[in-house]
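Protein chains: 2
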Amino acid sequence: MSRDELAPGPETTTETTDADRFTNARAIRSTALFEDYTELIADLTEEFGEARITDIARRLGVTHPTANKAVLRLKREGLAISRPYRGVFLTEAGAAMAREVKARHRLVVRLLIAVGVPPEAAEMDAEGIEHYVSETTLKAFEAYLGGRD
Amino acid sequence: MSRDELAPGPETTTETTDADRFTNARAIRSTALFEDYTELIADLTEEFGEARITDIARRLGVTHPTANKAVLRLKREGLAISRPYRGVFLTEAGAAMAREVKARHRLVVRLLIAVGVPPEAAEMDAEGIEHYVSETTLKAFEAYLGGRD
DNA sequence: TTGGAAATATAGCATTGGCTACATTTCTGT
DNA sequence: ACAGAAATGTAGCCAATGCTATATTTCCAA
Ligand SMILES: [Mn+2]
Ligand SMILES: [Mn+2]
Ligand SMILES: [Mn+2]
Ligand SMILES: [Mn+2]
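Line order of the protein sequences matches chains F and Z. All residue numbers for the first sequence refer to the working numbering, where the first residue is 101 and numbers rise by one. All residue numbers for the second sequence refer to the working numbering, where the first residue is 101 and numbers rise by one.
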């Protein structure tokens, strides 16, 4: 039952292992929350001029202490700023993330709908899928959607 | 700056809120790890006749104590069984999850490739995406891939 | 057969991301 | 102006998921 050096394959090019894929997915998982927060804060700021903890919490479906703690992490990472008892705002880095994430979100929804997924399901599933779509895949989606914009 | 009762909309049908989408994504996040473990244990069992902690850990790119702890959770949830210092095996529930997840994994890869994503990127991204694809979306993927099977 | 290597288990630590309960501050209607 | 309501902040709890270090068990080769 030897399992060493299994199937080395004829590849001379560096090979993508299972571990690479799972490690990639784990790395993304740890940034997905920040992506949702920055995208949401950008939305709220556009709608209301500021993003308040209560509104963030309600839109995400979490309690306000949970939102508050997440915002502390966002601030620590340089993605947001806020003064006590005041609204939350994105830094330039946070705004850049929000723009990037929003574009990805929309493209994923459009792609899903284009291949026949009902809009409701597309919106629902995209909320999770969006975080795992690489640049390469995004480009492919753009090419696929191509003309019919 | 009133934000109460904003845009109630003309819907009579129950509406999907932002919070619903995020709550759904959080629920899925908490099962994604189990899905990867069951799928992997099924693969290893087929390849070697058993799934050993060391092999699980190496394939996932984590340390073996991490894999061991995850297997304890799998056992607690009735998805796997094992005796001390021996291989891990899936219960019927675990095997059912593995089958379902593997089918989803393959369909997602096929769909991505079908819309023009390079196979390498498709495999990489599918590892995360697969967990967030609903039954409805899966059905749409099947319909889209339709004939050219 | 037995000693070292390999595999497995366990202990203990850290962070994340949930929650409830309670404290503090700000806002608002009278 | 001020009292009560609303918003925000903080403390403390928990589970999940990662890690390193160490102990134990099993396997294998001489
Ligand atoms: Mn999302
Ligand atoms: Mn999004
Ligand atoms: Mn996966
Ligand atoms: Mn998979």
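Ideal placement from N, C-alpha and C gives every residue a C-beta, glycine not left out.
Whole-number beta carbon distance between Ala-167/F and Ala-157/F, since they are thought to touch under 8 Å: Within the first sequence, residue 157/F is the residue found at index 57, counting from 1. Within the first sequence, residue 167/F is the residue found at index 67, counting from 1. Yes, they are in contact, since the Cβ atoms of Ala-157/F and Ala-167/F sit about 4 Å apart, within 8 Å.
Rounded separation between Arg-206/Z and Arg-126/Z - CA only: As a first step, residue 206/Z is located in the second sequence; it is residue number 106 there, counting from the start. As a first step, residue 126/Z is located in the second sequence; it is residue number 26 there, counting from the start. Rounded to the nearest whole angstrom, the CA to CA distance from Arg-206/Z to Arg-126/Z is 23 Å.
CB contact check: Arg-204/F to chain Z, cutoff 8 Å: Within the first sequence, numbered from 1, the residue matching residue 204/F stands at position 104. It does not; no Cβ of chain Z falls within 8 Å.
Among Arg-176/F, Thr-154/F, Leu-245/F, Thr-163/F, nearest to Arg-186/F - alpha-carbon criterion: For the purposes of this step, residue 186/F is identified with residue 86 of the first sequence, where counting begins at 1. Closest by alpha carbon: Thr-154/F.
C-alpha distance - Glu-147/F paired with Lys-169/F, whole-angstrom precision: The sequence position of residue 147/F within the first sequence is 47, counting from 1. The sequence position of residue 169/F within the first sequence is 69, counting from 1. Going from the Cα of Glu-147/F to the Cα of Lys-169/F covers about 23 Å.
Stretch pair the region 221 to 239 of chain F + the region 217 to 227 of chain Z: three plus CB contacts closer than 8 Å: yes
Classification of Gly-243/F by the beta-carbon crowding that lies within 10 angstroms, buried from 16 upward: Along the first sequence, read from residue 1 onward, the residue named residue 243/F stands at position 143. First, the residue type needs correcting, since residue 243/F is Ala and not Gly in the sequence shown. Classification for Ala-243/F: exposed.
Sub-8 Å separation of Val-215/F and Leu-212/Z beta-carbons: The count along the first sequence starts at 1 and reaches residue 215/F at position 115. The count along the second sequence starts at 1 and reaches residue 212/Z at position 112. Their beta carbons are not under 8 Å apart, which means Val-215/F does not touch Leu-212/Z by this criterion.
Among Ile-229/Z, Ala-221/Z, Glu-220/Z, Pro-165/Z, the one whose alpha carbon lies nearest that of Val-208/Z: In the second sequence, the residue the question calls residue 208/Z occupies position 108. Closest by alpha carbon: Ile-229/Z.
Val-188/F in three-state terms, based on DSSP: Taking the first sequence and counting its residues from 1, one reaches residue 188/F at position 88. Val-188/F: strand per DSSP, three-state reduction.
C-beta atoms of Ala-151/F and Val-188/F nearer than 8 Å: Counting from 1 along the first sequence, the entry for residue 151/F is found at position 51. Counting from 1 along the first sequence, the entry for residue 188/F is found at position 88. A contact, by the Cβ cut-off of 8 Å.
Cβ pair Gly-161/F, Thr-123/Z closer than 8 Å: The residue given as residue 161/F occupies position 61 in the first sequence. The residue given as residue 123/Z occupies position 23 in the second sequence. Yes.
Any chain Z beta carbon closer than 8 Å to Thr-116/F: The residue you call residue 116/F lines up with position 16 of the first sequence. Output row for Thr-116/F: interface = yes.
Any C-beta of chain F under 8 Å from that of Asn-124/Z: The residue given as residue 124/Z occupies position 24 in the second sequence. By this cut-off, Asn-124/Z is an interface position.
Chain Z contact residues for Tyr-244/F, given Cβ-Cβ distances below 7 Å: Translated into the one-based positions of the first sequence, residue 244/F becomes position 144. Chain Z residues near Tyr-244/F: Val-215, Gly-216.
Alpha-carbon to alpha-carbon, Leu-144/Z and Arg-199/Z: For the purposes of this step, residue 199/Z is identified with residue 99 of the second sequence, where counting begins at 1. For the purposes of this step, residue 144/Z is identified with residue 44 of the second sequence, where counting begins at 1. If I take the Cα positions, the gap works out to 14 Å.
Residues that Leu-211/F contacts on chain Z, provided the C-beta gap is smaller than 9 Å: Residue mapping note: residue 211/F aligns to position 111 of the first sequence, counting from 1. Here the neighbours are Val-215.
Exposure of Thr-138/Z, with buried meaning 16 or more beta-carbon neighbours within 10 Å: For the purposes of this step, residue 138/Z is identified with residue 38 of the second sequence, where counting begins at 1. It counts as buried.
Neighbour flag for Phe-134/F against chain Z, beta carbons, 8 Å: As a first step, residue 134/F is located in the first sequence; it is residue number 34 there, counting from the start. Phe-134/F does not count as touching chain Z.
Contact test: Glu-227/F Cβ vs ligand 2 heavy atom, cutoff 7 Å: As a first step, residue 227/F must be located in the first sequence, where it is residue number 127. True, at least one ligand heavy atom lies under 7 Å from that Cβ.
Near ligand 3: Ala-167/Z beta-carbon under 7 Å from a heavy atom: By one-based count along the second sequence, residue 167/Z stands at place 67. Result no, Cβ not under 7 Å from ligand 3.
is_contact[Thr-236/Z, chain F] using C-beta, thresh 8 Å: Stepping through the second sequence from its first residue, residue 236/Z is reached at position 136. Yes, its Cβ sits closer than 8 Å to a Cβ of chain F.
Any C-beta of chain Z under 8 Å from that of Glu-105/F: Translated into the one-based positions of the first sequence, residue 105/F becomes position 5. Note that Glu-105/F has pLDDT 36, beneath the 50 cutoff, so the model's placement of it is unreliable and no number is given.
beta-carbon Ala-125/Z near ligand 1 non-hydrogen atom, thresh 7 Å: To locate residue 125/Z, count along the second sequence from 1; it is residue 25. Correct: Ala-125/Z has its Cβ closer than 7 Å to ligand 1.
Minimum Cβ-Cβ distance from Gly-187/F to chain Z less than 8 Å: For the purposes of this step, residue 187/F is taken as residue 87 along the first sequence, with counting starting at 1. Cβ-Cβ to chain Z under 8 Å: no for Gly-187/F.
Integer Cβ distance of Thr-116/F from Glu-220/Z, believed to fall under 8 Å: Your numbering for residue 116/F matches position 16 in the first sequence. Your numbering for residue 220/Z matches position 120 in the second sequence. Contact holds; Cβ gap of about 6 Å.
Own chain, CB closer than 6 Å to Phe-241/F, minus 5 neighbours either side, in chain order: Translated into positions along the first sequence, residue 241/F becomes position 141. Here Phe-241/F has Leu-207, Leu-211 as same chain residues with Cβ atoms under 6 Å from its own Cβ, once five neighbours each way along the sequence are excluded.
Within chain F, the residues that Ala-198/Z reaches when beta carbons sit closer than 7 Å: For this step, residue 198/Z is matched to residue 98 along the second sequence. Within chain F, no residue comes near Ala-198/Z; the closest Cβ sits about 15 Å away, beyond 7 Å.
Neighbouring residues, chain Z, relative to Arg-159/F (Cβ below 9 Å): As a first step, residue 159/F must be located in the first sequence, where it is residue number 59. Within chain Z, the residues near Arg-159/F are Thr-117, Asp-118, Ala-119, Phe-122.
Short CB-CB distance (under 8 Å) between Pro-110/Z and chain F: Your numbering for residue 110/Z matches position 10 in the second sequence. Caution is warranted here: a pLDDT of 47 is assigned to Pro-110/Z, below 50, making its placement in the model unreliable, and the coordinate value is therefore given only provisionally. With 8 Å as the cut-off, Pro-110/Z does not count as an interface residue toward chain F.
Neighbour flag for Ala-170/F against chain Z, beta carbons, 8 Å: Taking the first residue of the first sequence as 1, we reach residue 170/F at position 70. Chain Z contact via Cβ: absent.
Buried versus exposed call for Ser-130/Z [16 or more other C-beta atoms within 10 Å across all chains shown]: Taking the first residue of the second sequence as 1, we reach residue 130/Z at position 30. Under this definition Ser-130/Z is an exposed residue.
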